[in-house]
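Numbering (this note's numbering), first residue to last: 4 to 351. These notes concern the structure reproduced below.
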Ligand SMILES: [Zn+2]
Ligand SMILES: [Zn+2]
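Quick look at the structure:
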């Protein structure tokens with residue numbers, strides 16, 4: 004099969020790799036499309052150190068069931084040829100977190116696309132445990148299956164923040180995870196959603212999802228957000244994760260507000276401690292998604308095809324894939340989400 008192999012900072016190439024063979028309990032998938040994640044781009048540039056030379060990345064994927072033994076397929080309710088997505092968080096299967104469906108908290112978790120020992124989804128074929136293969140509703144545009152993973156990150160963050168229809172929600176950052184947070188808050192019935200995002204292309208996209216967008220450079224974000232929401236935010240979803248974004252989160256939220264930290268921009272931040280203690284705000288962590296949030300997002304994604312259509316900027320085949328990484332890394336592309344499609348024909 005062909006696969007996109009990462010060789011070190013700024014170097015990625017399409018190469019032949021042996022076809023993966025499913026073991027007991029695993030399923031072989033033919034990849035239809037895999038999204039390029041910000042974490043893949045930062046891995047490619049070497050910035051985050053979370054990708055390793057020789058690795059095949061890719062964790063936001065959709066494919067069809069190609070093969071698997073009958074008992075495995077039947078046990079997971081899968082059929083050959085069915086369109087599926089993959090929950091890339093692989094738990095050990097026998098710790099407390101895994102028993103609770105919270106594989107993201109499993110101390111021995113491995114993640115497809117992140118773990119260098121797993122040949123992942125930027126490839127023609129992918130092997131995954133059957134229990135991580137999630138069927139997609141019939142009639143759903145297949146490309147949208149590649150969005151389930153990032154959408155699940157936003158949904159899990161909003162659920163961690165106990166988002167309800169009573170909430171005025173401020174989302175910090177309008178990139179793919181911020182977009183997922185907007186859709187999640189809307190899905191949970193939030194009474195208003197405002198997004199802080201300076202990039203005009205991203206602002207336009209997020210406005211199309213129904214949120215009000217504010218440019219944080221325009222001045223007083225706190226009062227502008229409160230004006231737009233009809234009061235200070237009761238829930239903040241920080242999809243940036245830096246000292247300045249957290250300062251905005253506390254400045255622009257109500258007493259008792261929940262602030263969910265889902266962005267991972269900085270490994271260490273400085274916090275305004277008294278804004279947490281004296282105003283009794285909560286700071287809540289969110290990471291990936293649990294099993295149920297991923298599964299329910301796969302079902303929900305089929306219900307909002309127009310919103311999802313706007314999240315995809317385009318796709319490339321094998322020839323175009325290395326260039327897409329280079330463009331995203333250099334900032335010459337303002338694209339939010341590019342998909343790699345193994346079956347896409349390209350002129351070059
Ligand atoms: Zn991702
Ligand atoms: Zn476990």
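Every residue gets a Cβ at the ideal spot worked out from N, C-alpha and C, and that includes glycine.
Counting only runs of 4 or more residues that sit fully inside the segment 134 to 208, the alpha helix (DSSP H) segments are 151 to 163 and 179 to 190, in chain order. Cβ contact annotation for residue 324 (same chain, cutoff 8 Å, sequence separation greater than five): 7, 15, 17, 125 and 343, in chain order. By the CB criterion at 7 Å, residue 267 and residue 244 fall inside the cutoff. Inclusion of residue 109 in the 6 Å shell around ligand 2 follows from its C-beta lying nearer than that to a non-hydrogen atom of the ligand.
In the DSSP assignment, residue 238 is bridged to 172 and 261.
Within the same chain, Cβ atoms closer than 7 Å to the Cβ of residue 107 are found at 92, 290, 291, 292 and 293, the five residues on either side in sequence being excluded.
Inter-residue distance for residue 238 and residue 64 is about 30 Å (C-alpha atoms, whole angstroms). Just measuring C-alpha positions, the residue of 190, 201, 229 and 109 sitting nearest residue 213 is 190. In this structure, the C-beta of residue 42 approaches ligand 1 to less than 6 Å from one of its heavy atoms.
In the displayed model, residue 119 falls within coil according to three-state DSSP, outside both helix and strand. In the structure shown, residue 55 adopts coil according to DSSP, grouped into three states. Straight-line measurement puts the Cα of residue 103 at about 12 Å from the Cα of residue 95. In this structure, DSSP gives residue 19 an extended state, which the three-state scheme calls strand. Using a 10 angstroms sphere on the CB of residue 25, the tally of other CB atoms reaches 16 or more, which defines it as buried. Relative to ligand 2, the beta carbon of residue 100 is positioned inside 6 Å of a heavy atom. DSSP, reduced to helix, strand and coil, places residue 64 within a strand of the structure shown. For residue 38, the secondary structure class from DSSP, reduced to helix, strand or coil, is strand. Excluding the 5 residues flanking it on each side, residue 346 has same chain C-beta neighbours closer than 8 Å at 35 and 320, in chain order. In the structure shown, the three-state DSSP call for residue 279 is helix. Look at residue 95: its beta carbon is less than 6 Å from one of the heavy atoms in ligand 2. Comparing alpha-carbon positions, the option among 195, 160 and 152 lying closest to residue 169 turns out to be 195.
Taking the CA atoms as reference points, residue 151 sits about 15 Å from residue 115. Residue 9 sits in a strand when the DSSP states are folded into three classes.
The segment 72 to 113 contains, as complete alpha helix (DSSP H) runs of 4+ residues, the segments 73 to 79 and 99 to 102 (chain order). By alpha-carbon distance to residue 31, the top candidate from 97, 157 and 83 is 83. Judged by DSSP in its simplified three-state form, residue 132 adopts strand. Collapsing the DSSP output to three states places residue 306 in coil. The Cβ atoms of residue 131 and residue 161 lie no closer than 7 Å to each other. Proximity to residue 39 across 87, 78 and 123 peaks at 123, based on C-alpha coordinates. The C-alpha of residue 37 is placed about 6 Å away from the C-alpha of residue 61. Between the segment 223 to 230 and the segment 203 to 213 there are fewer than three C-beta pairs closer than 8 Å, too few to call the two in contact. A straight-line Cα-Cα distance of about 6 Å links residue 153 and residue 180. The criterion of a C-beta distance shorter than 7 Å is not satisfied by residue 87 and residue 156.
Checking the DSSP bridge columns, you'll see residue 215 partnered with 197. Taking 8 Å as the upper bound for CB-CB distance, residue 66 and residue 33 are in contact here, some 5 Å apart.
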